[in-house]
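Structure, as structure tokens:
Residue numbers (full-length UniProt numbering): 1 to 390.
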């Protein structure tokens, strides 16, 4: 998914008491009272300041020029750890949103300059162009209607790996060397560790990754999953429902075309329009190479003629095909809410060379997203956050 910078998002009112209650719970891990206060001020600015959510614009709304240097230090060069705040957010969303799955979604964020952390020219396969951008991997708590980001990883291309130590000297070497698949799996595994049982399914859209590597990494992490793949991926049929194909290796789209008689209708709801729709779905047991464990290959036809339009591999036990398809389509909720809430509250607006600053800003913007979503001020949900601390 490619995200363009916002032009002029509007301001929507969130009651001060609700912002204060949510921030009190989520920032409880910050060791100093002034840090907790600045965190709340920053979130208020993300929710209410006009235009791009730069530190200057946020400070102009919450405290003027005197606040600008203080808030810049709080985000870019303070010592507070964002992981406990994200863990508190994940547990908070477990209680209030009650997500059906954790959705891992790569975001390509266009940037005009070259100085922001992680920015580099990237070829974006979805549009067939090179884009000057950051690539971030978000883990979202998603229910049937909407979603909220919980955890993030930022991919660092070669030039940043070589030079980032001069700006952010404390980055672990494991983060510098992380591949896109490393970013996705580590972020999902970390969220699961924060929230504990039950293990919610992980939904991924990593079509540029090797499906066998994705399955192997998630299996080792003990995470049930459904992951989008390309129709050209080679699979071995391991399903007795197609006796003529069993044991043969072929492209996923060819195998599923042979399984047209196994298709069944499944209903779902569009996350943007909330209009129900129907697809035809077929599933077959397949392997991704010699000696690999069988997985389910899922294909969806929105047009019953010809090839399937979308493909996934999954390891979700005995979950019915219809439920698996509806899980896989939760990626659409993420895309809709990223554009509808995350971009207006400034999640993509951080500009600076600090790796830690990017993570802190993104964490605070994720909190602002949660407040906007769960108070109904995003334009869709109603009510107030549930089970706030007394």
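Heads up, the beta-carbon is just placed ideally off N, CA and C, and yes, glycines get one too.
Residue 151 versus residue 85 - alpha carbon distance: The count along the chain shown starts at 1 and reaches residue 151 at position 151. The count along the chain shown starts at 1 and reaches residue 85 at position 85. Taking the straight line joining both Cα atoms gives about 10 angstroms.
Same chain only: Cβ atoms within 6 angstroms of residue 337, ignoring 5 sequence neighbours per side: As a first step, residue 337 is located in the chain shown; it is residue number 337 there, counting from the start. Short of 6 angstroms from the beta carbon of residue 337, and not among the five residues preceding or following it, lie these beta carbons of its own chain, in chain order: 146 and 147.
Three CB pairs or more closer than 8 angstroms across the segment 189-208 and the segment 266-281: No, they do not touch.
Range covered by the alpha helix (DSSP H) that runs through residue 18: Counted from its first residue, the chain shown places residue 18 at position 18. Element bounds for residue 18: 16-26.
Residues that residue 133 bridges to, as DSSP identifies them: Translated into positions along the chain shown, residue 133 becomes position 133. Residue 133 is bridged by DSSP to 110 and 120.
Span of the beta strand (DSSP E) around residue 300: The sequence position of residue 300 within the chain shown is 300, counting from 1. 295-301 is the extent of the beta strand (DSSP E) around residue 300.
Range of the contiguous alpha helix (DSSP H) that encloses residue 216: By one-based count along the chain shown, residue 216 stands at place 216. From DSSP, the alpha helix (DSSP H) with residue 216 extends over 211-220.
Where residue 244 falls: helix, strand or coil (DSSP): The sequence position of residue 244 within the chain shown is 244, counting from 1. Residue 244 carries a coil assignment under DSSP once its states are collapsed to helix, strand and coil.
Nearest to residue 298 (by Cα), restricted to the options 362, 241 and 227: Indexing the chain shown from 1 puts residue 298 at position 298. That would be 227, whose Cα lies nearest to the Cα of residue 298.
Cβ-based burial, residue 123 [other Cβ within 10 Å; buried from 16]: For the purposes of this step, residue 123 is identified with residue 123 of the chain shown, where counting begins at 1. With fewer than 16 other Cβ atoms within 10 Å, it is exposed.
Cut-off 8 angstroms between Cβ atoms - residues of its own chain near residue 180, not counting five sequence neighbours on either side: Sequence index remark: in the chain shown, residue 180 carries index 180 (1-based). Counting only Cβ-Cβ distances below 8 angstroms, and skipping sequence neighbours, we find 106, 135, 137, 155, 206, 208 and 209.
Reduced DSSP category for residue 104 - H, G, I as helix; E, B as strand; rest coil: Start at 1 with the first residue of the chain shown, and residue 104 comes out as number 104. Strand at residue 104.
Chain D contact for residue 153 (CB, 8 angstroms cutoff): Chain labels in this structure do not include chain D; a single protein chain is all it has.
Beta carbon of residue 47 nearer than 8 angstroms to that of residue 334: Residue mapping note: residue 47 aligns to position 47 of the chain shown, counting from 1. Residue mapping note: residue 334 aligns to position 334 of the chain shown, counting from 1. Taking 8 angstroms as the Cβ cut-off, residue 47 and residue 334 do not qualify as a contacting pair.
Residue interval of the alpha helix (DSSP H) (run including residue 187): As a first step, residue 187 is located in the chain shown; it is residue number 187 there, counting from the start. Where residue 187 is concerned, the enclosing alpha helix (DSSP H) stretches over 180-195.
Of the residues 113, 69, 242 and 32, the one placed nearest residue 81, counting alpha carbons only: By 1-based counting over the chain shown, the position of residue 81 is 81. Ranked by Cα distance from residue 81, the first of 113, 69, 242 and 32 is 32.
Buried versus exposed call for residue 109 [16 or more other C-beta atoms within 10 Å across all chains shown]: Here residue 109 refers to the residue found at position 109 when the chain shown is read from its first residue. Residue 109 comes out buried.
Inter-stretch contact at 8 angstroms, needing at least 3 Cβ pairs: the segment 286-297 / the segment 62-73: Using a Cβ-Cβ distance cut-off of 8 angstroms, the segment 286-297 and the segment 62-73 are not in contact, since fewer than three pairs of beta carbons, one from each stretch, lie closer than that value.
Close-in-space but distant-in-sequence residues of the same chain around residue 203 (CB under 8 angstroms, 5 per side omitted): The sequence position of residue 203 within the chain shown is 203, counting from 1. Within the same chain, residue 203 has close Cβ partners 101, 102, 103, 104, 142, 225, 226, 227, 327, 328, 330 and 331.
The beta strand (DSSP E) enclosing residue 315, as first and last residue numbers: Looking up residue 315 in the chain shown gives position 315. For residue 315, the uninterrupted beta strand (DSSP E) run begins and ends at 310-315, by DSSP.
Buried versus exposed call for residue 14 [16 or more other C-beta atoms within 10 Å across all chains shown]: In the chain shown, the residue the question calls residue 14 occupies position 14. Burial is judged here by how many other beta carbons sit within 10 angstroms of a residue's own beta carbon; residue 14 has at least 16 and is buried.
Beta-carbon spacing of residue 363, residue 18 below 8 angstroms: On the chain shown, position 363 is the one that residue 363 refers to. On the chain shown, position 18 is the one that residue 18 refers to. Cβ atoms of residue 363 and residue 18: not closer than 8 angstroms.
Pairwise C-alpha distance: residue 162 and residue 220: To locate residue 220, count along the chain shown from 1; it is residue 220. To locate residue 162, count along the chain shown from 1; it is residue 162. Between the C-alpha atoms of residue 220 and residue 162 there is a straight-line separation of about 30 angstroms.
Cβ distance (whole Å) where residue 237 is taken to contact residue 288 below 8 angstroms: Along the chain shown, read from residue 1 onward, the residue named residue 237 stands at position 237. Along the chain shown, read from residue 1 onward, the residue named residue 288 stands at position 288. Incorrect: roughly 12 angstroms between the Cβ atoms, too far for contact.
Identified DSSP bridge partners for residue 84: Locating residue 84 in the chain shown gives position 84, counting from the first residue. Within the DSSP secondary-structure output, residue 84 pairs in no beta bridge.
Contacting residues, own chain, Cβ-Cβ under 7 angstroms from residue 242 (five flanking each side not counted): Here residue 242 corresponds to residue number 242 of the chain shown, with the count starting at 1. Here the set comprises 258, 259 and 284.
Outcome for residue 96 when other beta-carbon atoms lying within 10 angstroms are tallied against a minimum of 16: Within the chain shown, numbered from 1, the residue matching residue 96 stands at position 96. With a threshold of 16 other beta carbon atoms within 10 Å, residue 96 meets it and is buried.
Residue 78 versus residue 168: straight-line alpha-carbon distance, rounded: Along the chain shown, one-based indexing puts residue 78 at 78. Along the chain shown, one-based indexing puts residue 168 at 168. Rounded to whole angstroms, residue 78 to residue 168 spans 12 angstroms at the Cα level.
Residue(s) in a DSSP beta bridge with residue 147: Against the chain shown, residue 147 aligns to sequence position 147. DSSP, once it has assigned bridges, lists 142 as partnering residue 147.
Cα-Cα separation, residue 129 to residue 20: Numbered from 1 along the chain shown, position 129 holds the residue referred to as residue 129. Numbered from 1 along the chain shown, position 20 holds the residue referred to as residue 20. In this structure, the straight-line span from the alpha carbon of residue 129 to that of residue 20 is close to 43 angstroms.
Between the CA atoms of residue 131 and residue 423 - distance to the nearest angstrom: Outside the displayed range of the chain (1 to 390) lies residue 423, so it cannot be described from this structure.
For residue 376, the three-state DSSP class (helix, strand or coil): For this step, residue 376 is matched to residue 376 along the chain shown. For residue 376, the secondary structure class from DSSP, reduced to helix, strand or coil, is coil.
Whole-angstrom distance between residue 114 and residue 41, CA atom to CA atom: For this step, residue 41 is matched to residue 41 along the chain shown. For this step, residue 114 is matched to residue 114 along the chain shown. So the two alpha carbons sit approximately 29 angstroms from each other.
Supposed close pair residue 88, residue 26 - CB separation, criterion 8 angstroms: Within the chain shown, numbered from 1, the residue matching residue 88 stands at position 88. Within the chain shown, numbered from 1, the residue matching residue 26 stands at position 26. Contact annotation, residue 88 with residue 26: C-beta distance approximately 5 angstroms; criterion of less than 8 angstroms satisfied.
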